[in-house]
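This report concerns only the one structure given below.
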Amino acid sequence: MNKGAISVIVLASMMAGSSIAMAASMDSNANQGRPTSVPSSANTHLGHVDHKEFTRFVDSLKTIQPIGMQVKKIEENTKMSKIEKEMYLKSAQSKMIHVLHTNHLQPVVYEQLIHKAETDKSFAKRTEKALHGG
């Protein structure tokens, strides 16, 4: 996977830290009134990723990448106020979480797969090929 594509994917998945995972975690436990612990993707080792989960990941990436590119443009826009940027980022974050839920992929697992794509050349090639219809 090329460095530029990974940067956009990472930006999309980790906007302002692990916000997708944190927001999804808070959202899923909002009615339970208790805090949750979100494992760090860096501390989790993923072995083989089965076809079903890989397909969910790629489907999510295809939808999240354009959102991530928009986020990057917004962050670089010097004409927007900090408040406007934050509002847009929250909206983008909600869209990303919705994409993950629609694809039946946990945000934490998504972040783990992003990490795997950054660190595992074979998985990165498999992901790149799938993203480009191969």
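In mature numbering (1 follows the signal peptide of the UniProt record, and there is no 0), the protein residues as written are -23 to -1, 1 to 111.
All residues carry an ideal CB built from backbone N, CA and C; glycine is no exception.
All values reported here derive from a predicted model rather than from experimental measurement.
Three-state class that DSSP yields for residue i in the structure shown
i	result
Met73	helix
Ser58	coil
Lys102	helix
His81	coil
Leu90	helix
Val48	helix
Gly10	At Gly10 the pLDDT is 43, less than 50, meaning the model places this residue with poor confidence and gives no usable figure here.
Asp97	coil
His25	coil
Closest by C-alpha distance to residue i, when choosing among the options
i	options	result
Pro84	His25, Ile41 and Met64	Ile41
Ala107	Leu23, Glu61 and Arg33	Arg33
Ala69	Ile51, Val26, Val35 and His92	Ile51
Distance cut-off 8 Å: residue i Cβ against heavy atoms of the ligand MN
i	result
Thr96	Among the ligands in the structure shown, none appear at all, so the ligand MN cannot be discussed.
Nearest-angstrom beta carbon gap, residue j and residue i [assumed within contact, 8 Å]
i	j	result
Ile91	Lys72	The pair is not a contact, with the Cβ atoms about 17 Å apart (cut-off 8 Å).
Leu23	Lys93	5 Å
Asp36	Asn80	5 Å
Query raised in the report: Counting Cβ pairs closer than 8 Å, one from the stretch 72 to 84 and one from the stretch 93 to 101, do we hit at least three?
Result: Two segments are said to touch when three or more pairs of C-beta atoms, one from each, lie closer than 8 Å; by this definition the stretch 72 to 84 does not touch the stretch 93 to 101.
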